[in-house]
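Colleague:
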Amino acid sequence: MRPFVYRRPGDARTALAELAAEPGAMYLGGGTNLVDLMRLGVLAPRTLVDVTRACSDAIEVRPDGGLWIGAGVRNADLAAHPAVRRRYPMLAQALLSGASGQIRNMATVAGNLLQRTRCAYFQDPSKPCNKARPGTGCPARAGDHRNLAILGYSDFCVATHPSDMAVALTALGAVVHVEGAAGPYTVRMPGLHRLPGDEPERDTVLEPGDLIIAVEIPALPYAACSRYRKVRDRASFAFTVVSVAAAVDKSGGTIRDCRIALGGVAPVPWRAERAEAELRGAPIAEASFRRAADAELTAARPLTENGFKVALVRNVVVRALLDLVGVS
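Under my numbering, the first residue of the sequence shown is numbered 9, with each subsequent residue one higher.
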């Protein structure tokens, strides 16, 4: 047992001050990821600053149809909210597929966005890992990488981002509201999470000590026609092999607009912008959906053991789009 100091501030500015004053301190939300990493010995914070009272746990429906979601909202509450289920079904489905009921009851929105990779090398302190211990190497490239990245990775890291919720929020163009040392600012998704480059230890663009206070989902009327489809190794709760969040705006027999994001394929929730561009103005047909998926996959660089993900992404994207437009 490693001793640590526990603090529970009542507002965001106090939380920032307490974290800055304590070397080795970390924020604690629901703890569903951080506590696991502490038990494994991956992380050993000297101080935990519990922000569950410092961040709002309210969900506000805006007049234009958008949503304002406090960083402390529990995943279970967000998935069950009537406005989420009606206006953004892909988000509710992503949350429900992401974890068991017990975990959803504890996990917070901000914590979900900031959870760390489940790469086996990152979670084992006895193994080299550039993300956990910069400069030690990435043995996953030649080792166990079946469920790791085919897009956006670097020579320094091939891990994938584990969040289902973040994939849906990336497709929806969510705006993350942050309280930093210099004051509040916003980050649009995609854009919160970083590709590894030569600094894989940095998962996001946030500076040390920055605190997410809310997530805003801009109004997107056609998001009511959306879906989250997830493929995993077992039917019970498991991390993504491949997933897709998709929303479609159709007019007659044509795709007028769309949003697509992928999970389980990159170090970040992956916005499929090439596929979206291919689909805009395209006829509603399976051939159009396959061309769109192939356009996105031109950038894929599968490793030795995860090449199957290329075909799997194509099939999952096509199936999700066919379901959305009502084509069997």
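Beta carbons: idealized from backbone N, C-alpha and C, even for Gly.
(1) What residue range is occupied by the uninterrupted beta strand (DSSP E) comprising E187?
(2) If we call anything under 9 Å between Cβ atoms a contact, is E209 one with P136?
(3) Which stretch, first to last residue, makes up the alpha helix (DSSP H) that contains K317?
(4) Residues in the same chain with beta-carbon distance under 8 Å from G289, minus the five sequence neighbours each way, listed in chain order, please.
(5) When we look at the beta-carbon of L48 and count the other beta-carbons within 10 Å, is it buried (16 or more) or exposed?
(6) Report the start-end ranges of each beta strand (DSSP E) in the region 231 to 271 that is 3 residues or longer and not cut off at the edges.
(7) Taking buried to mean at least 16 other C-beta atoms within 10 Å of its own C-beta, is P204 buried or exposed?
(8) If I measure Cβ to Cβ from A253 and keep anything under 6 Å in the same chain, skipping five residues before and after, which residues do I get?
(9) Taking only the alpha-carbon atoms, compute the straight-line gap between P310 and A157 and give it to the nearest angstrom.
(10) In the DSSP assignment, the alpha helix (DSSP H) including E284 goes from what residue to what residue?
(11) Which first and last residues belong to the beta strand (DSSP E) in which G109 is found?
(12) Given a threshold of 16 other Cβ atoms within 10 Å of its Cβ, counted over all protein chains shown, does Q123 qualify as buried or as exposed?
(13) V59 and G78 - do their beta-carbons sit closer together than 9 Å?
(14) In angstroms with no decimal places, state the Cα-to-Cα distance between P147 and T55.
(15) Can you tell me the Cα-Cα spacing of M34 and D163, whole angstroms?
(16) Spatial neighbours of R327 within its chain, please: C-beta separation below 6 Å, excluding the five flanking residues on both sides.
(17) Once you ignore the five residues that flank L304 on each side, which residues in its own chain have a CB closer than 6 Å to its CB?
(18) Can you tell me whether L156 is helix, strand or coil according to DSSP?
(19) Between the beta-carbon of P275 and the beta-carbon of G109, is there less than 9 Å?
(20) According to DSSP, is L24 part of a helix, a strand, or is it coil?
(21) CB-CB under 6 Å to S234, same chain, minus the five flanking residues each way: which ones, in chain order?
(22) Any chance you could list the alpha helix (DSSP H) runs of at least 4 consecutive residues sitting entirely within the region 67 to 133, in chain order?
(23) Taking a contact to mean a Cβ-Cβ separation below 9 Å, would you say F247 touches P170 in this structure?
(24) Hey, G73 and R95: beta-carbon distance below 9 Å or not?
Modeller: Looking at the coordinates:
(1) According to the DSSP assignment, E187 belongs to the beta strand (DSSP E) that extends over 183 to 188.
(2) It is not a contact, given that the beta carbons lie outside the stated cut-off.
(3) Counting along the chain, the alpha helix (DSSP H) containing K317 begins and ends at 316 to 333.
(4) Close CB contacts of G289 within its chain, under the 8 Å cut and outside five residues either way in sequence, are with T262, I263, R264 (chain order).
(5) So L48 counts as exposed.
(6) Runs of the beta strand (DSSP E) inside the region 231 to 271: 234 to 239, 250 to 259, 262 to 271.
(7) With 16 or more Cβ atoms within 10 Å of its Cβ, P204 is classed as buried.
(8) So the list reads M98, V175, A176, A179, Y236, A269, once near-sequence residues are dropped.
(9) The alpha-carbon atoms of P310 and A157 are separated by roughly 7 Å.
(10) It spans 281 to 287 - the alpha helix (DSSP H) in which E284 sits, taken as one unbroken run.
(11) Not the beta strand (DSSP E): G109 falls in the alpha helix (DSSP H), residues 109 to 114.
(12) Buried is the call here.
(13) Not a contact, by the Cβ cut-off of 9 Å.
(14) The alpha-carbon atoms of P147 and T55 are separated by roughly 31 Å.
(15) The alpha-carbon atoms of M34 and D163 are separated by roughly 28 Å.
(16) Nothing meets the Cβ criterion.
(17) Looking at the sequence shown, residue 304 is not Leu but Glu. Taken in chain order, the residues that qualify are A280, R282, A283.
(18) Assigned with DSSP and collapsed to three states, L156 falls in coil, not helix or strand.
(19) No.
(20) The DSSP-derived three-state label of L24 is helix.
(21) Taken in chain order, the residues that qualify are P97, M98, A255.
(22) Listed in chain order, the complete alpha helix (DSSP H) runs (minimum 4 residues) inside the region 67 to 133 are 83 to 88, 90 to 95, 97 to 106, 109 to 114, 117 to 121.
(23) In this structure, P170 lies closer than 9 Å to F247 by Cβ.
(24) Yes, the pair counts as a contact, with Cβ atoms nearer than the cut-off.
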